[in-house]
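Okay, structure first, notes after.
Number of protein chains: 2
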Amino acid sequence: MTAEKRIPVMEIFGPTVQGEGMVIGRKTMFVRTAGCDYSCAWCDSSFTWDGSGKDDIKLMTACEVLEELKRVGGDTFAHVTLSGGNPALLRHLGELVRLLREQGIGTAVETQGSRWQDWLLEIDEVTLSPKPPSSGMTTDWDMLDDIVERLQSNGNGFSLKIVVFDEDDFDYAVKVHRRYPDVPLYVQSGNSNLNERDNQKLLSLSMAAYERLVERTMASTELRDVRVLPQLHTWLWGNKRGV
Amino acid sequence: MTAEKRIPVMEIFGPTVQGEGMVIGRKTMFVRTAGCDYSCAWCDSSFTWDGSGKDDIKLMTACEVLEELKRVGGDTFAHVTLSGGNPALLRHLGELVRLLREQGIGTAVETQGSRWQDWLLEIDEVTLSPKPPSSGMTTDWDMLDDIVERLQSNGNGFSLKIVVFDEDDFDYAVKVHRRYPDVPLYVQSGNSNLNERDNQKLLSLSMAAYERLVERTMASTELRDVRVLPQLHTWLWGNKRGV
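Heads up: the sequence lines are chains A and B, in that order. Under the UniProt record's numbering, the residue at position 243 of the first sequence is numbered 243, and the numbers go up by one with no gaps. Under the UniProt record's numbering, the residue at position 46 of the second sequence is numbered 46, and the numbers go up by one with no gaps.
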């Protein structure tokens, strides 16, 4: 196998519970890939793209990833989440997706909707999470339109998720919902306290942020058919990595 | 309309977030009906069946319920949760289900799987929550088999949810999963502290119970393809009613 076909893997861990979006609560393993085309101001996994984690990156074949998943998770799992960074940068991730499928293992992915890969059609639960203004990123709406259309006609599980930190982000969520009214929408309260090591304090802050988002959403006549969720794993484990 | 066609309604409130199971996070209105064929030891809505709430019961037609939903929720909602008590005791709830559907309003119901009603086929998300040993109730497996079979062949959203308080309950969840391996299963940590009025204390206890259930589930080679969730509304609002 050539070097290009290897996957840049940052970490493999689990089983744990999925903390976000359409797969919330799901027992899953995580494969976190390195590299991102975005650099969100509040990214909670910036070690995947800012150079700080570059010594942890392993270039692995799909088979090696599967072996490592089995070594770490043993016989306890039936689902794998591909996260990043942006996994949709990696064309050859399709090999891993197919390998997992052959083993009867379900797959979920989260990506911002800035790149298309054909293997997205083979994922059981795709979360598209275009980034709101507070991220500092700019949405390529033509690209997002194209990706939404492809996923909608596919029939697998598919949803949009917007992380909300402030009023502008909330308006962005409304805009996304207007543009794609038939796609299930999840709004999620953002974690502004990535450096908070006091879990009790972080929990209070996160819960207050979630309550504000709940109130705002409940009052909205535009966001009627939506789900509002926190980051469950942050409530449980704070800003710790690898859980 | 005859008196028998009226629905015994305990409370109507919302919009709020659904705190549990397959509809977790969903923006929804609640219609809580009175009356239950069970009397679970730890029921968090025992006022629906133990007589303590009988003065609050209103006998309402389906149209009156819809009017009240609109009066309370205004133009902010597109989803209604039917809860109890056990709503599946009420044959005439079907009228309300159809009325909501005609208005383009989605519906969810939670019931223990002890009674069948044809209108269950018209609900968008049915949660069957058979009760584990700690409830003090006995499962009628033949009845549950029948209900699961009808819902499985229907194609709408449908899941099983088991509340877990102790080891026996966990074993019960495993038994249910073995019996219905193809039905999405949610395990949920139970709230043993129904009289706790200190929300901070309740949150710590609830979170510890959820963590224990997460740990137990992660280690299980039988519960591989499951979701583990807390009661999100209890974390937010404690034991308060009507939120």
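Ideal Cβ positions, reconstructed from N, Cα and C, are used throughout, including at glycine. Note that this is a predicted model, so its numbers are computed, not measured.
> By Cβ distance below 6 Å, which residues in the same chain neighbour B/Ala-209 in space, the five residues on each side in sequence not counted?
Replying inline: For the purposes of this step, residue 209 of chain B is taken as the residue at position 209 of the second sequence. Ser-189, listed in sequence order.
> Which residues bound the beta strand (DSSP E) around B/Gln-188?
Replying inline: In the second sequence, the residue the question calls residue 188 of chain B occupies position 188. 185 to 189 is the extent of the beta strand (DSSP E) around B/Gln-188.
> Of the choices B/Gly-155, B/Pro-132 and B/Ala-34, whose alpha-carbon is the least far from that of B/Asp-55?
Replying inline: Indexing the second sequence from 1 puts residue 55 of chain B at position 55. Ranking the options by Cα distance to B/Asp-55, first place goes to B/Ala-34.
> If you draw a straight line from the C-alpha of A/Ala-41 to the C-alpha of A/Gln-231, how long is it?
Replying inline: Taking the first residue of the first sequence as 1, we reach residue 41 of chain A at position 41. Taking the first residue of the first sequence as 1, we reach residue 231 of chain A at position 231. C-alpha separation (whole angstroms): 18 Å.
>> Assuming B/Ser-192 and B/Val-163 are in contact, meaning their beta carbons sit under 8 Å apart, how far apart are those beta carbons, in whole angstroms?
In response: Here residue 192 of chain B refers to the residue found at position 192 when the second sequence is read from its first residue. Here residue 163 of chain B refers to the residue found at position 163 when the second sequence is read from its first residue. Incorrect: roughly 11 Å between the Cβ atoms, too far for contact.
>> Which residues in chain B have a C-beta closer than 8 Å to the C-beta of A/Phe-77? List them in chain order.
In response: Within the first sequence, numbered from 1, the residue matching residue 77 of chain A stands at position 77. Those within 8 Å of A/Phe-77 in chain B are Arg-224.
> Can A/Ser-134 and A/Asp-169 be called in contact, C-beta distance under 8 Å?
Replying inline: Stepping through the first sequence from its first residue, residue 134 of chain A is reached at position 134. Stepping through the first sequence from its first residue, residue 169 of chain A is reached at position 169. Yes, Cβ-Cβ distance for A/Ser-134 and A/Asp-169 is below 8 Å.
> Among A/Arg-224, A/Asp-166 and A/Arg-212, which has the Cα closest to the Cα of A/Lys-131?
Replying inline: Sequence index remark: in the first sequence, residue 131 of chain A carries index 131 (1-based). It is A/Asp-166 whose Cα lies nearest to the Cα of A/Lys-131.
> What do you get for B/Lys-201, buried or exposed, if any count of 16 or more other CB atoms within 10 angstroms of its CB means buried?
Replying inline: The residue you call residue 201 of chain B lines up with position 201 of the second sequence. Exposed, since its Cβ has fewer than 16 Cβ neighbours within 10 Å.
> Using the rule of at least 16 other Cβ atoms within 10 Å of the residue's Cβ for burial, across every protein chain shown, is B/Cys-63 buried or exposed?
Replying inline: Residue 63 of chain B sits at position 63 when you count from the first residue of the second sequence. The residue is exposed, with fewer than 16 neighbouring Cβ atoms inside 10 Å.
>> Threshold first: 4 residues or longer. Then list the alpha helix (DSSP H) segments lying entirely within the region 5 to 45 of chain A, N to C.
In response: none
>> Helix, strand or coil, according to DSSP, for B/Phe-170 in the structure here?
In response: Looking up residue 170 of chain B in the second sequence gives position 170. B/Phe-170 falls in the helix class under three-state DSSP.
>> Strictly below 9 Å CB to CB, what residues from chain C border A/Ile-57?
In response: Considering every chain present, this structure includes no chain C. Its protein chains are A and B.
> Hey, how far is the Cα of A/Arg-150 from the Cα of A/Thr-127?
Replying inline: For the purposes of this step, residue 150 of chain A is taken as the residue at position 150 of the first sequence. For the purposes of this step, residue 127 of chain A is taken as the residue at position 127 of the first sequence. Cα to Cα, the separation comes out at about 13 Å.
> Among residues of its own chain, excluding the 5 on either side of B/Met-143, which ones have a beta-carbon nearer than 8 Å to its beta-carbon?
Replying inline: Translated into positions along the second sequence, residue 143 of chain B becomes position 143. Cβ within range, chain order: Gly-113, Ser-114, Arg-115 and Trp-116.
> Should B/Pro-87 go down as buried or exposed, given a rule of 16 or more other Cβ atoms within 10 Å for buried?
Replying inline: For the purposes of this step, residue 87 of chain B is identified with residue 87 of the second sequence, where counting begins at 1. Its Cβ being crowded by 16 or more others within 10 Å, B/Pro-87 is buried.
> Between A/Met-29 and A/Leu-89, which are expected to be in contact by the criterion C-beta below 8 Å, what is the C-beta distance as a whole number of angstroms?
Replying inline: By one-based count along the first sequence, residue 29 of chain A stands at place 29. By one-based count along the first sequence, residue 89 of chain A stands at place 89. That pair is no contact at about 21 Å.
>> Please classify A/Lys-27 as buried or exposed, where buried requires at least 16 neighbouring CB atoms within 10 angstroms.
In response: Here residue 27 of chain A refers to the residue found at position 27 of the first sequence. Classification for A/Lys-27: buried.
>> Among the candidates A/Val-72, A/Thr-139 and A/Gly-25, whose CA atom is the shortest distance from the CA of A/Glu-11?
In response: Here residue 11 of chain A refers to the residue found at position 11 of the first sequence. A/Glu-11 has its Cα closest to that of A/Val-72, out of A/Val-72, A/Thr-139 and A/Gly-25.
> How about B/Gly-25: is its C-beta nearer than 8 Å to some C-beta of chain A?
Replying inline: By 1-based counting over the second sequence, the position of residue 25 of chain B is 25. So, interface residue.
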